[in-house]
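Colleague: Numbering (my numbering), first residue to last: 5 to 433. We put the CB at the ideal spot given by N, CA and C, even for glycine.
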Amino acid sequence: MQNKRTIGFFGAVAIGIGGMVGGGIFAVLGEAVSLAHGATVVAFLFAGIVALFTSYSYSKLSVKYQTLGGTVSFIDNAFGHNYLSGSVNFMLWLSYLVTISLYAVAFSSYAQALLGSSNNFYNHLFISIAIILPLIINLISASFVSKSETAVVIIKVLLLFLIIIASFSYLDFERLSPSKWQGSFSILVAGMIIFVAYEGFELIANSAQEIKEPNKNLPKAFYTSVLIVIILYLLIAVTTIGAVDEKELMNAKDYALAIAAKPALGQAGFTIVSIAALLATFSAINATIYGNGRLGYLLAIKGELPKLFDKEKDGIPSLSISVTAFFSLVLANSIDLSQIAIIGSASFLLIFFIVNVAALKLYKEIEANKHLLLVSCTISFIALVTLLVHTFFTNRDSIYIFILFILISILFEVFYGRMIRKHIFNRPY
5 MQNKRTIGFF
15 GAVAIGIGGM
25 VGGGIFAVLG
35 EAVSLAHGAT
45 VVAFLFAGIV
55 ALFTSYSYSK
65 LSVKYQTLGG
75 TVSFIDNAFG
85 HNYLSGSVNF
95 MLWLSYLVTI
105 SLYAVAFSSY
115 AQALLGSSNN
125 FYNHLFISIA
135 IILPLIINLI
145 SASFVSKSET
155 AVVIIKVLLL
165 FLIIIASFSY
175 LDFERLSPSK
185 WQGSFSILVA
195 GMIIFVAYEG
205 FELIANSAQE
215 IKEPNKNLPK
225 AFYTSVLIVI
235 ILYLLIAVTT
245 IGAVDEKELM
255 NAKDYALAIA
265 AKPALGQAGF
275 TIVSIAALLA
285 TFSAINATIY
295 GNGRLGYLLA
305 IKGELPKLFD
315 KEKDGIPSLS
325 ISVTAFFSLV
335 LANSIDLSQI
345 AIIGSASFLL
355 IFFIVNVAAL
365 KLYKEIEANK
375 HLLLVSCTIS
385 FIALVTLLVH
395 TFFTNRDSIY
405 IFILFILISI
415 LFEVFYGRMI
425 RKHIFNRPY
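1) Going by C-alpha to C-alpha distance, which of F385, F226 and K160 sits closest to I240?
2) Please classify Q271 as buried or exposed, where buried requires at least 16 neighbouring CB atoms within 10 angstroms.
3) Does the Cβ-Cβ distance between T10 and E217 come in under 7 angstroms?
4) Quick one: residues in its chain with C-beta nearer than 7 angstroms to the C-beta of V507, no 5 flanking neighbours on either side, listed in chain order?
5) What is the DSSP secondary structure of K368, reduced to helix, strand or coil?
6) In whole angstroms, what is the alpha-carbon distance linking L378 and I53?
7) Between the segment 41 to 50 and the segment 183 to 194, do at least 3 Cβ pairs fall closer than 8 angstroms?
8) First and last residue of the alpha helix (DSSP H) that includes E316?
9) Between the segment 72 to 89 and the segment 225 to 244, can you find at least three pairs of beta-carbon atoms closer than 8 angstroms?
10) Ordered along the chain, which non-local residues of its own chain (more than five positions away) have a Cβ less than 8 angstroms from that of L49?
11) Using three-state DSSP, classify Q271 as helix, strand or coil.
12) When we look at the beta-carbon of L366 and count the other beta-carbons within 10 Å, is it buried (16 or more) or exposed?
13) Pick helix, strand or coil for I339, following the three-state DSSP scheme.
14) Indicate whether at least one CB of chain C lies closer than 7 angstroms to the CB of Y126.
15) With a cut-off of 8 angstroms on the beta carbons, I'd call L118 and S278 a contact; round off their distance for me.
16) What's the call for N255, buried or exposed, on a 16-neighbour Cβ count within 10 Å?
17) Would you check if the distance between the CB atom of V76 and the CB atom of A225 is smaller than 7 angstroms?
18) In the DSSP assignment, what are the bridge partners of H41?
19) What is the residue span of the alpha helix (DSSP H) that G23 lies within?
20) Let me know if I263 comes out buried or exposed under the rule of 16 or more other beta-carbons within 10 Å of its beta-carbon.
21) Residues bridged to I215 by DSSP?
22) Among I245, Y174 and L164, which residue has its Cα nearest to the Cα of E180?
23) Give the single residue among F397, T285, I407 and S322 whose Cα lies nearest to the Cα of N142.
24) State yes or no: is the C-beta of F57 within less than 7 angstroms of the C-beta of I383?
25) Could you give the residue range of the alpha helix (DSSP H) that holds F396?
26) I'd like to know whether the C-beta atoms of G28 and V157 end up nearer to each other than 7 angstroms.
27) What are the boundary residues of the alpha helix (DSSP H) that N255 is part of?
28) State buried or exposed for F130, treating a residue as buried only when at least 16 other CB atoms are found within 10 Å of its CB.
29) By alpha-carbon positions, which one of R298, H375 and A110 ends up nearest to I325?
30) Could you give the DSSP three-state label for T3: helix, strand or coil?
31) What are the boundary residues of the alpha helix (DSSP H) that I135 is part of?
32) Take N127 and list the residues in its own chain whose beta-carbon comes closer than 6 angstroms to its own, dropping the five residues that flank it on each side.
33) What does the alpha-carbon distance come out to for the pair S116 and S122?
34) Tell me which residue opens and which closes the alpha helix (DSSP H) that V92 is part of.
35) Would you kindly report the start and end of the unbroken alpha helix (DSSP H) that includes A260?
36) So what's G295 in DSSP terms, helix, strand or just coil?
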């Protein structure tokens, strides 16, 4: 099917911002504060730099390979349609399950805060509602998801700026001074744990076929969206740390942003932000189920998932969407917010590192600066290793789950590739 180019520069930027400013910032802000304390702003900057360098690789690859596959297509073009690319593509599908879980847990935290009551029953109930309702919406009307996203992006970004502006006169900049910072390694680790809040800019690549003047607009859209979100996150971090005592933030770690609105806007601010968080996380789940359902469909067409997944009716890949929602439900109800944030960040840092390596391998074809790509590869690799080393000593279960994800991706490819596709590294068995 020939896609019409209907998305302009601002539309492409909205896709990038909408992908990043989903549920992530509402979910991981408290995690960042608990690790970096007064240096939370610096932690967000570190994570943003990794995203910005990686966006260079994505921009170059997107211009050259304009397909709906995005990340999947880039990896296939660099490494061939083989065991390595198949495993990474399946890992990407699993990683989006983690982000859905992250948003669902955040949705539950803010819903319970709004109710003023929290327990295990409510936690699992709201997590399940946050995934099952978007599943139903996706199965009934795919167009509703895409049509509602732009409005939701505008609402949540405006609300975040409202908090920032209203809180300015309440800021105590002493709380941001270097004397309140943790060691540089802790700050870097905090940045890598919250890196999942920047995940989403890569979705611009999936719309490359629909973007007008792609050679000009794709790179500009990647850089603009990432830079805007970096600035937004830095302002949110300044507002949160500067306006609220750290002990209070830690007591409400899972819904820290709602607490940050209270000094300037009172209980009304707390309620507004909580509702905004519910809206943002719900829409992010909606959009990610939509996108991951189609990723599963695309992988099935390419032969990397069973053919059952390539069935669709009225443009809706029902089975792929349902499987995405089911496994997200299992994950979200099984592991806690800290573990989900770590696993999500590690998964995307690994995939982005591989995409950076793919861009480096193809640098002549995509007409990219080799030295910039080397920096992108190095930064994303150091970020991943830093996160894994810290997590090994502080939250080893998260490491085990992350390794399990990698093993599942590899074993699925080994057995599925052996049984169905009959090849590994493009060589017949």
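Modeller: So, from the data block:
1) K160
2) exposed
3) no
4) Residue 507 lies beyond the range of the chain shown here (5 to 433); nothing can be said about it.
5) coil
6) 14 angstroms
7) yes
8) Per DSSP, E316 belongs to no alpha helix (DSSP H) and is neither H nor E.
9) no
10) G195, I234 and L238
11) helix
12) buried
13) coil
14) Protein chains in the displayed structure number just one, and chain C is not present.
15) 4 angstroms
16) exposed
17) no
18) W185
19) F13 to M24
20) buried
21) I11
22) Note on residue identity: the sequence assigns Leu, not Glu, to residue 180. Among I245, Y174 and L164, the Cα nearest to that of L180 belongs to I245.
23) S322
24) yes
25) K374 to T398
26) no
27) E250 to N255
28) buried
29) R298
30) Within the shown structure, residues of the chain are numbered from 5 to 433, placing residue 3 beyond reach of any answer.
31) N124 to I144
32) S112
33) In the sequence as displayed, the identity of residue 116 is Gln instead of Ser. Roughly 5 angstroms between the two C-alpha positions.
34) Y87 to L119
35) A260 to A264
36) helix
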